[in-house]
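Chemist: Mind having a look at this structure? Questions to follow.
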Amino acid sequence: MTPPGAPVYVHANALVLGECGLLLRGASGAGKSALTLQLIADWRARGDFASLVGDDRIALEARGGRLIARPHPAIRGLIEARGLGLLRLPYEPACVIGAVVDLGAGKGETRRLPDAAERTTDLCGVKLPRLFEHGANAGAAARIAAFIHEVAIN
């Protein structure tokens, strides 16, 4: 049992895209690391800020109604790139999570119009907008970018 106020570790990636902290959740092999690298590259290529916070294990903690994400101390600044191994990247020590993407493993059909209840998730008592995506599907990074933009204007 986790003591009150202690961070909760989740199997996820955290990154910052522009002003939005994003949590990518999914099982091993769902495409979290590849999608993280793609999103960071895409945002930087168009001149926007993008940075890794953490890969694989993320500490989450609710503070003042916001969800704070931090990398696991043993692997901060590292991200696994399948076929390449561990890469060292510049990283942010923490971010405020503004949205969550839940990744399914492999290819599959994403629901066209998810139910209202599926569009949000509660983490550590903080309600956040959520998107379901399949990391291996073509266009995943573009749909996530559109989701981030929608979250930012709402």
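For the sequence shown, full-length UniProt numbering assigns the number 154 to the last residue and increments by one with no breaks.
From the three backbone atoms N, C-alpha and C, an ideal C-beta is built for every residue, glycine too.
#1: Which residues in the same chain as Phe147 place their Cβ atom closer than 6 Å to its Cβ, once the five residues preceding and following it in sequence are excluded?
#2: Which value, in whole angstroms, describes the spacing of the CA atoms of Gly64 and Ala145?
#3: Is it true that the CB of Val126 sits closer than 8 Å to the CB of Arg25?
#4: Starting from the Cα of Gly47, find the closest Cα among Pro93, Ala142 and Leu17 and give me that residue.
#5: Considering only the beta carbon of each residue, do Gly135 and Leu103 sit closer than 8 Å?
#6: How would you call Ile153, buried or exposed, if buried means at least 16 neighbouring beta carbons within 10 angstroms?
#7: Can you tell me which of Leu128, Glu150, His149 and Asn13 puts its alpha carbon nearest to the alpha carbon of Gly77?
#8: Distance, Cα to Cα, Val96 vs Cys20?
#9: Could you check if Val8 is buried or exposed, using at least 16 other CB atoms within 10 Å of its CB as the buried criterion?
#10: Between which two residues does the alpha helix (DSSP H) containing His149 stretch?
#11: Among Glu150, Asn137 and Val151, whose alpha-carbon lies nearest the alpha-carbon of Gln38?
#12: On the DSSP bridge assignment, give the partners of Gly65 in chain order.
#13: Which residue wins for smallest C-alpha separation from Pro90, given the options Ala34, Gly54 and Leu35?
#14: Only counting the same chain, and skipping five residues up and downstream in sequence, which positions put a Cβ closer than 8 Å to that of Ile75?
#15: So within the UniProt domain "HPr kinase/phosphorylase C-terminal" (9-87), which uninterrupted alpha helix (DSSP H) runs reach at least 4 residues, ignoring any that extend past its ends?
Modeler: A quick look at the data gives this:
#1: Leu131
#2: 27 Å
#3: No, these two residues do not count as a Cβ contact at 8 Å.
#4: Leu17
#5: Cβ atoms of Gly135 and Leu103: closer than 8 Å.
#6: exposed
#7: Asn13
#8: Going by the C-alpha atoms only, they are around 8 Å apart.
#9: exposed
#10: Ala140 to Ile153
#11: The shortest C-alpha separation from Gln38 is found at Asn137.
#12: BP columns for Gly65 are empty, so no partner.
#13: Gly54
#14: Gly54, Asp55, Asp56 and Arg57.
#15: 32-45
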